[in-house]
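Enquirer: Next up is a structure, given as structure tokens.
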Amino acid sequence: MSIYHYWGKSRRGETNGGDDYHLLCWHSLDVAAVGYWMVINNIYFIDHYLKKLGIQDKEQAAQFFAWILCWHDIGKFAHSFQQLYRHEALNIFNEPTRHYEKIAHTTLGYVLWNSWLSECPELFPPSSLSVRKSKRVMTLWMPV
Numbered sequence: 001m002s003i004y005h006y007w008g009k010s011r012r013g014e015t016n017g018g019d020d021y022h023l024l025c026w027h028s029l030d031v032a033a034v035g036y037w038m039v040i041n042n043i044y045f046i047d048h049y050l051k052k053l054g055i056q057d058k059e060q061a062a063q064f065f066a067w068i069l070c071w072h073d074i075g076k077f078a079h080s081f082q083q084l085y086r087h088e089a090l091n092i093f094n095e096p097t098r099h100y101e102k103i104a105h106t107t108l109g110y111v112l113w114n115s116w117l118s119e120c121p122e123l124f125p126p127s128s129l130s131v132r133k134s135k136r137v138m139t140l141w142m143p144v
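Just so we're aligned, residue 1 is where the sequence shown starts under the UniProt record's numbering, counting upward by one.
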């Protein structure tokens, strides 16, 4: 199973042209890059907010926020999300539709965070915060 068979954004219902879908691996990196830029340029005072949380260094804050945003869409790998859009180049094109309880991809990612990822500090972004505080800060941001 390849990461290149999962979509992150689709053109469902759009008629303006462009690609049918945007791969999830690239979508996650795009979102992270925008978040990094937002901190570096202090868009919406995000740099100030991260300083209040204890991350004083702007570069470290930008990397920290980019990491959170990259993980923010991890729930989009779930079958329940992937089956919302079908394309012959993607993983589940020929699979039958399954019925799931309607749960947002952000909630699925948050469940993964709470049940497993939050206990793996080796996956956390570099930070001046303690592991405990990093975990608390990330737990605040994960459901966004």
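Glycine included, every Cβ here is placed at the ideal spot set by N, Cα and C.
What does the Cβ neighbour count give for Tyr21, buried or exposed, with the cut at 16 atoms within 10 Å?
Expert: Within 10 angstroms of the beta-carbon of Tyr21 lie 16 or more other beta-carbons, which makes it buried.
Enquirer: Which value, in whole angstroms, describes the spacing of the CA atoms of Ser128 and Ala61?
Expert: 9 Å
Enquirer: Which same chain residues end up closer than 6 Å to Val137 when comparing Cβ atoms and leaving out the 5 residues on each side of it in sequence?
Expert: Cβ neighbours of Val137 beyond the five flanking positions: Leu53.
Enquirer: Using the rule of at least 16 other Cβ atoms within 10 Å of the residue's Cβ for burial, across every protein chain shown, is Trp116 buried or exposed?
Expert: exposed
Enquirer: My guess is that Tyr85 and Arg12 are in contact by the Cβ rule of under 8 Å, so how many angstroms apart are they, rounded?
Expert: Confirmed, Cβ separation roughly 6 Å.
Enquirer: Using CA coordinates, which residue listed in Tyr49, Ser134 and Val111 is at the minimum distance from Glu122?
Expert: Ser134
Enquirer: Bridge partners for Leu23 per DSSP, in chain order?
Expert: Trp7
Enquirer: According to the neighbour-count rule (16 or more other Cβ atoms, all chains shown, within 10 Å of its Cβ), is Ala32 buried or exposed?
Expert: buried
Enquirer: So which of Met38, Asp30, His5 and Phe64 has the shortest CA-CA distance to Met142?
Expert: Phe64
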